[in-house]
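J.:
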Amino acid sequence: MDRLKKSPWMLHYDASSCNGCDIEVLACTMPRFDLERFGIINTGNPFHADILLITGGVNHQSAQVVKQIYSQMPNPKVVVAVGICACSGGIFKDCYNIYGGVDTVIPVDVYVPGCAARPQSIIDGVLQAVELLEKKKEEAHHE
Amino acid sequence: MAKRSIIPFGPQHPVLPEPIHLDLVLEDEVVVEAIPNIGFVHRGLEKLVETRDFKQYVYVAERVCGICSFGHGLGYCESVEHVMHIDVPKRARYLRTLWMELSRIHSHLLWLGLLADALGFEALFMQSWRLREKVLDIFDNTTGGRIIFSVNQIGGVLKDIDASMLKEIDTILYDMETDLKPIMDTFLEDMLVNSRLRGLGVLSKEQAYLAGAVGPMARASGIDYDSRETGYAAYADLNFGPITATEGDCYARCKVRLAEILQSFEILHELISKIPGGDINVPVKGNPNGECFIRIEQPRGEAIYYTKGNGTKYLDRFRLRTPTTSNIPPMLDLLKGCQLGDVPLLILTIDPCISCTER
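Each protein sequence line maps, in turn, to chains A and B. Here the first sequence is numbered in this note's numbering, starting from 1 and rising by one per residue. Here the second sequence is numbered in this note's numbering, starting from 1001 and rising by one per residue.
1. Is Tyr1059 (chain B) close to chain A? Criterion is C-beta to C-beta, closer than 9 angstroms.
2. Applying the criterion that 16 or more other CB atoms from any shown protein chain within 10 Å of the CB defines a buried residue, is Leu1210 (chain B) buried or exposed?
3. Got a sec? Which residues, its chain only, sit under 6 angstroms from Val110 (chain A) by beta carbon, not counting five neighbours each side?
4. When you compare the segment 1243–1263 of chain B with the segment 1212–1223 of chain B, are there three or more beta-carbon pairs, one atom per stretch, that lie closer than 8 angstroms?
5. Residues of chain B with CB closer than 8 angstroms to the CB of Gln61 (chain A), please, in chain order.
6. Looking at the unbroken alpha helix (DSSP H) that takes in Val1060 (chain B), where does it start and where does it end?
7. Classify Pro1216 (chain B): buried if its beta carbon has 16 or more other beta carbons within 10 angstroms, exposed otherwise.
8. In three-state terms, what does DSSP make of Ala1245 (chain B)?
9. I need the straight-line Cα distance from Ile1067 (chain B) to Val1025 (chain B), nearest angstrom please.
10. Using a Cβ-Cβ cut-off of 8 angstroms (strictly less than) and excluding sequence neighbours within five positions of Leu1340 (chain B), which residues of its own chain qualify?
11. Cβ closer than 8 angstroms: which chain A residues qualify as neighbours of Ile1328 (chain B)?
12. Is the shortest distance between the beta-carbon of Met10 (chain A) and the beta-carbons of chain B less than 9 angstroms?
13. Taking C-alpha atoms, which residue in A:Pro74, A:Ser71, A:Leu53 lies nearest to Arg117 (chain A)?
14. Please classify Val1025 (chain B): does DSSP put it in a helix, a strand, or coil?
15. Does chain A have any CB closer than 9 angstroms to the CB of Cys1077 (chain B)?
16. Quick one, which of B:Ser1355, B:Arg1321, B:Asn1287, B:Asp1140 has its alpha-carbon nearest Lys1055 (chain B)'s?
17. So is Met1165 (chain B) buried or exposed if we call it buried at 16+ other beta carbons inside 10 Å?
18. I'd like the span of the beta strand (DSSP E) that includes Val1282 (chain B), first residue to last.
19. Between which two residues does the alpha helix (DSSP H) containing Lys1181 (chain B) stretch?
20. Compare the C-beta of Asn97 (chain A) against all C-beta atoms of chain B and say whether one is closer than 9 angstroms.
21. Does at least one heavy atom of the ligand ZN sit under 8 angstroms from the Cβ of Tyr1235 (chain B)?
22. Is Phe38 (chain A) close to chain B? Criterion is C-beta to C-beta, closer than 9 angstroms.
23. Do Gly57 (chain A) and Ala15 (chain A) have their C-beta atoms closer together than 9 angstroms?
24. What's the gap between the Cα of Leu11 (chain A) and the Cα of Trp1129 (chain B)?
25. Ordered along the chain, which non-local residues of its own chain (more than five positions away) have a Cβ less than 7 angstroms from that of Thr1186 (chain B)?
26. Just grab the DSSP bridge partners of Phe1009 (chain B) for me.
27. My output table needs one value for Ala1213 (chain B): the three-state DSSP class, helix, strand or coil.
28. Beta strand (DSSP E) containing Ala81 (chain A): first to last residue?
29. Taking Leu1102 (chain B) and Phe1139 (chain B) to be in contact with their CB atoms under 8 angstroms, please state how far apart those CB atoms are, rounded to whole angstroms.
30. To the nearest angstrom, how far is the alpha carbon of Thr1325 (chain B) from that of Thr1357 (chain B)?
31. Judging by CA-CA distance, which residue of A:Lys77, A:Cys115, A:Tyr96 is the nearest neighbour of Ser139 (chain A)?
32. Interface residues of chain A around Val1064 (chain B) at Cβ under 8 angstroms?
33. Just curious, the beta strand (DSSP E) that Phe1293 (chain B) is in, first and last residue?
34. Show which residues of chain A have a CB atom less than 7 angstroms away from the CB atom of Met1126 (chain B).
35. What does Gly1309 (chain B) pair with, by DSSP beta-bridge criteria?
36. Is the beta carbon of Lys1090 (chain B) sitting closer than 9 angstroms to the one on Pro1242 (chain B)?
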């Protein structure tokens, strides 16, 4: 990745995860791992966000919220599934209330496995998302 | 009469790392009623006990919550060990206490950071979390995991910590105490932080009793109770007592948690000087048959674990009552009559852990 043209903002939502990945996502924005050095800010507003980070295996109630947040984000947008629960359901796959993976509800672009996902891999996932975002922007521009 | 309006709060809200939804009924700026709606993080984890055998279930129990992960594993293991009458080696009990107290420090520092963030004090937020990273490094070095490290097993622990590592941990803890001092002074003496916390959300001792508050929330209102005194793990050998405050406001809750961090440092120093040698686990034979209730003091308060075995390798029932579940009713009491702008702060001072509550 050469140079970022824009500062992509990210939004984090906990769709029935155990908290482990959520606090690692927050820890990523701390000075030690410093995701903010790429110009990325953790925002609370879906209308401002370019990257959506979702943790957890999605249950019936949170599925509605996930869909709503996704539809509120402006195009182009990228979705990152953080943690093995968000990728496939993980240890909770057999639970009666778990859909199993965020991709059962909305399209996912980047998968970050791990239980809990380590900050290094989250940063790697977010950077892949940033690259994808640039690509999507260019495609939209050509159309 | 002022006009009533309803404001939805959450599930996706900047101040909440986790989803909870509240319908706030307002009269002008004042909240007259808060109606909670939970279930956004419900996974149905307790039901899994019927399809995972009792040794595997430790890993599921640890994933009830990522912050108090070690405590939930400990609670589950202790309850199964009681059912099976397993005598856990003393060194294992001490090691469990060590990780438990480190978890408490990390959880309280996390909460302090989130509180600073809710106040809009970004630098303090980052400083608290910077200090927290040192605890996570200890976890990483001793177990290989940062937050969910699965080191508990039925009959003891999986990993030992050697003498040089224990000495190193002791030194790190002394350094952390020095680093904590300025953070603590800012929380307790800074004019801006004080003006937001003092006198806000007062919960009287009677209210706390009636609504069933637990943990730092109850102790900040003057209830002298800490379930570590029941003496599970190695707590029976250590000197400590419940830390209380009398004011019952947000400031008191902050003060109690800060004092508990210092207390945990002391407990850890004492524990490291006393730790005995020997085995770290015992082999487990047979299957659990019987039932047991056990109390564990989690960073957020008292958690109750119930297990029932039927003689096969699958348990009949595992039930967990978490501290946030019992702290939500007093929180709703606090919200009545407060200003809309104070709602995020009041929700935060109970240290909500929604994924524990809903499992």
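Each residue gets a CB set at the ideal place from its N, CA and C atoms; glycine is no exception.
T.: Quick look at the numbers:
1. By this cut-off, Tyr1059 (chain B) is an interface position.
2. Exposed is the call here.
3. Excluding sequence positions up to five before and after Val110 (chain A), its CB lies within less than 6 angstroms of the CB of Val80, Gly125, Gln128, Ala129, all in the same chain and listed in chain order.
4. Yes, they touch.
5. Per Cβ cutoff of 8 angstroms: Gly1039, Phe1040, His1042.
6. For Val1060 (chain B), the enclosing alpha helix (DSSP H) stretches over residues 1057–1062.
7. Only buried fits Pro1216 (chain B), as 16 or more other CB atoms lie within 10 angstroms of its CB.
8. Reduced to three states, the DSSP call for Ala1245 (chain B) is coil.
9. Here the C-alpha atom of Ile1067 (chain B) lies approximately 31 angstroms from the C-alpha atom of Val1025 (chain B).
10. Ile1007, Leu1024, Leu1026, Glu1029, Val1030, Val1031.
11. Within chain A, no residue has its CB atom less than 8 angstroms from the CB of Ile1328 (chain B), the nearest being about 17 angstroms off.
12. Chain B contact via Cβ: absent.
13. The displayed chain sequence assigns Ala, not Arg, to residue 117 (chain A). In this structure, A:Leu53 is the residue among A:Pro74, A:Ser71, A:Leu53 with its C-alpha nearest to the C-alpha of Ala117 (chain A).
14. Correct three-state label for Val1025 (chain B): strand.
15. No, no contact with chain A.
16. With distances taken between Cα atoms, Lys1055 (chain B) lies closest to B:Asn1287.
17. Flag for Met1165 (chain B) reads exposed.
18. No beta strand (DSSP E) holds Val1282 (chain B); DSSP gives it neither H nor E.
19. Counting along the chain, the alpha helix (DSSP H) containing Lys1181 (chain B) begins and ends at 1163–1189.
20. Interface annotation, Asn97 (chain A): in contact with chain B, CB-CB separation under 9 angstroms.
21. Ligands in the displayed structure: none, and consequently the ligand ZN is not present.
22. Output row for Phe38 (chain A): interface = no.
23. Cβ atoms of Gly57 (chain A) and Ala15 (chain A): closer than 9 angstroms.
24. In a straight line, the C-alpha of Leu11 (chain A) is about 20 angstroms away from that of Trp1129 (chain B).
25. Cβ within range, chain order: Leu1124, Val1193.
26. Phe1009 (chain B) is bridged to B:Leu1022.
27. Coil.
28. Looking at the DSSP string, the run of the beta strand (DSSP E) that includes Ala81 (chain A) is 78–82.
29. That belief holds up - the Cβ atoms of Leu1102 (chain B) and Phe1139 (chain B) are roughly 7 angstroms apart, short of 8 angstroms.
30. The C-alpha of Thr1325 (chain B) lies about 5 angstroms from the C-alpha of Thr1357 (chain B).
31. The displayed chain sequence assigns Glu, not Ser, to residue 139 (chain A). Of the candidates A:Lys77, A:Cys115, A:Tyr96, the residue whose Cα lies closest to the Cα of Glu139 (chain A) is A:Lys77.
32. Cys18, listed in chain order.
33. In the DSSP assignment, Phe1293 (chain B) falls within the beta strand (DSSP E) that extends over 1289–1298.
34. From the beta-carbon of Met1126 (chain B), the residues of chain A found nearer than 7 angstroms are Met30, Pro31.
35. Residue pairing by DSSP places Gly1309 (chain B) opposite B:Gly1290 in a beta bridge.
36. With contacts defined as CB atoms closer than 9 angstroms, Lys1090 (chain B) and Pro1242 (chain B) fail to qualify as a contacting pair.
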